[in-house]
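These notes concern the structure reproduced below.
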Amino acid sequence: MKSKKQISLFVAVLAIIVNTAIAQEVKPRPTKPENGGSLKTITDVSGSSQNDPQMAMKRMPIGGGLSEEWSVYSGELKFQELPYSYDALEPVIDKMTVEIHYNRHHRSYYNNFMNAIKETELTKMPIYHIFAQISEFSDAVRNNSGGYFNHALYWDNLSPKGGGEPKGELAESIIKQFGSFKDFTDKFNTAAKTRFGSGWAWLSVDFTNGELFISSTANQDNPLMNNAERMGVPILALDVWEHAYYLNYQNKRADYIEAFWKIVNWEMVEKRFKQAQKK
Ligand code: MN
């Protein structure tokens with residue numbers, strides 16, 4: 015027969031075991047992943063399915079949300095004319111910079127893109143379908159398709175008659191999303207200034223919810239590419255490669271970015287905004 019002491023010890027141990035079990039039962043589930051990562055890690059996981067080429071193709075609006083000129087097969091794309099003379103953007107962007115940038119840099123991207131897709135199935139795809147699956151293709155395709163397309167957007171969203179502020183639905187959306195036009199330009203400037211090395215700053219329309227968002231990409235990547243952190247239709251492009259401003263601004267990228275707003279062609283950006291909303 016067991017002593018009273020042994021029985022009370024047994025009861026005490028049992029109580030501890032039961033209490034521990036109850037305590038574990040009511041313990042709140044961790045909201046953070048066990049690996050110590052933040053909640054952002056979880057968002058990134060869903061982001062990676064967005065970046066799946068098939069998913070990117072499905073989510074992309076018809077025609078990539080772009081103007082008609084981009085709906086042709088890539089093999090039939092032409093090198094667009096500069097919509098103004100080389101000196102038209104002075105004093106914001108000097109004549110020599112525009113001439114070298116358009117006639118050498120941009121033209122090379124176009125020529126190299128055409129060479130990279132020559133005699134491949136990519137000639138039979140619109141450029142936005144190439145972008146949606148860019149992770150599947152070579153660096154030559156990635157860099158030159160982006161370099162060609164991004165610069166076409168950039169020249170078109172600048173104008174000697176530009177500047178001021180957007181109007182209508184675009185203005186409303188900017189205020190809704192960013193608070194004010196000033197808050198929007200501050201955020202865009204920060205994205206452009208903090209892009210390390212060469213790249214682009216963008217205002218885009220999110221594929222899935224139509225929201226405006228600001229982002230930056232490295233090298234010649236853009237928000238239509240399935241490697242983008244957030245995918246969307248780009249409606250405003252700013253080139254922050256040194257070749258875009260160095261002759262006039264040298265290392266002062268911030269001054270170039272500030273001056274850029276004096277030549278933004280808001281009519282073009284509004285047109286793109288409407289195009290991006292079409293289903
Ligand atoms: Mn450039």
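The number in this note's numbering is simply the position in the sequence shown, starting from 1, with 14 added. Don't be surprised by glycine CBs; every beta carbon is placed ideally from N, CA and C.
Quick check: residue i and residue j, are their CB atoms within less than 7 Å of each other?
i	j	result
Met-74	Ala-146	yes
Ser-230	Gly-213	yes
Glu-113	Tyr-98	no
Ala-206	Val-254	yes
Leu-226	Ser-194	no
Met-110	Leu-261	yes
Ile-148	Ser-88	no
Leu-184	Phe-287	yes
Glu-150	Pro-67	yes
Phe-163	Ile-141	yes
Asn-129	Gln-234	no
Gly-176	Val-106	no
Leu-167	Leu-217	no
Tyr-116	Leu-96	yes
His-257	His-119	yes
Leu-252	Ala-215	yes
Trp-275	Pro-180	no
Pro-174	Ala-273	no
Asn-65	Asn-240	yes
Name the two residues that bound the continuous alpha helix (DSSP H) containing residue i.
i	result
Pro-174	That residue, Pro-174, is in no alpha helix (DSSP H); it is neither H nor E in DSSP.
Pro-67	67–73
Ile-144	141–146
Ala-273	267–274
Ile-277	Careful: Ile-277 lies outside any alpha helix (DSSP H) and carries neither H nor E.
Asp-200	195–208
Phe-192	182–192
Leu-261	260–263
Lys-117	Reading off the sequence, residue 117 comes out as Asn, not Lys. Segment: none, Asn-117 is in no alpha helix (DSSP H) and carries neither H nor E.
May I ask which residues mark the beginning and end of the beta strand (DSSP E) holding residue i?
i	result
Val-112	Not the beta strand (DSSP E): Val-112 falls in the alpha helix (DSSP H), residues 109–114.
Gly-246	246–253
Gly-213	213–220
Leu-226	226–232
For residue i, count neighbouring C-beta atoms within 10 Å of its own C-beta (all shown protein chains included) and say buried if the count is 16 or more, exposed if not.
i	result
Pro-237	buried
Ser-159	buried
Asn-125	exposed
Ala-232	exposed
Ser-85	exposed
Thr-222	exposed
Lys-200	Going by the sequence as given, residue 200 is Asp instead of Lys. Flag for Asp-200 reads exposed.
Asp-170	buried
Gly-79	buried
Ile-271	buried
Gln-264	exposed
Ser-52	Model confidence at Ser-52 stands at a pLDDT of 35, short of 50, so the residue's coordinates are unreliable; what they give is reported in the following sentence. Under this definition Ser-52 is an exposed residue.
Gly-161	buried
Ala-242	buried
Phe-210	exposed
Ile-76	exposed
Met-245	buried
Glu-39	The pLDDT assigned to Glu-39 is 40, lower than 50, so where the model puts this residue is not dependable; a value taken from the coordinates is nonetheless given after this. Exposed.
Below 6 Å, is the gap between the Cβ of residue i and the nearest heavy atom of ligand 1?
i	result
Ala-166	no
Trp-255	yes
Ala-206	no
Ala-232	no
Ala-258	yes
His-119	yes
For residue i, decide whether its Cβ has a neighbour in chain C, counting only Cβ atoms nearer than 7 Å.
i	result
Tyr-259	Judged by its chain identifiers, the structure shown contains no chain C, having just a single protein chain.
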